[in-house]
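The structure appears right after this line, and notes come after that.
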Amino acid sequence: MKKIYGLLMSIVLLAGAALPAAAQTTRRGAYATRAAQQRAYERQQQRQYERQRREYYNDRYDDRSFVDEHRDKLTVAGGTAAGAVVGALAGGKKGAVIGALVGAGASALYTYKLRDKDDDWRR
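So the sequence shown is numbered by the working numbering: it starts at -9 and just counts up by one.
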């Protein structure tokens, strides 16, 4: 009787240990389709976000004024003009040319290297 009881207990324990493995394999297909649906949903959300982002940036750039659109060019042109005026006052025609070159170089350096160095929000 002890042997039969021991055998019965062993079979029950073995069957109980096999249940988790059986449960994993039967639902595998359901998890795979759920993961594919999740990926499709995420791709759809990403496309929608990119579309909204493009629309936002297109609308933003359409609202800019002439000065906002050409800010860098106007800054360099203003520096060139100021340098030419100072050079003309100091040395005539040749001084105006030299002053314009120096003014253009200095304003370009300011515009493209120094001006927005601390403005990380612009980039």
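Built from N, CA and C at the ideal position, the CB exists for glycine as well.
For D108 and T70, the gap between their C-alpha atoms comes out near 25 Å. Following the DSSP letters along the chain, one finds T65 inside the alpha helix (DSSP H) bounded by residues 61 to 99.
Take the alpha-carbon of T23 and the one of Y102: they are about 52 Å apart. Here A90 is buried: its Cβ has 16 or more other Cβ atoms, across all protein chains shown, within 10 Å.
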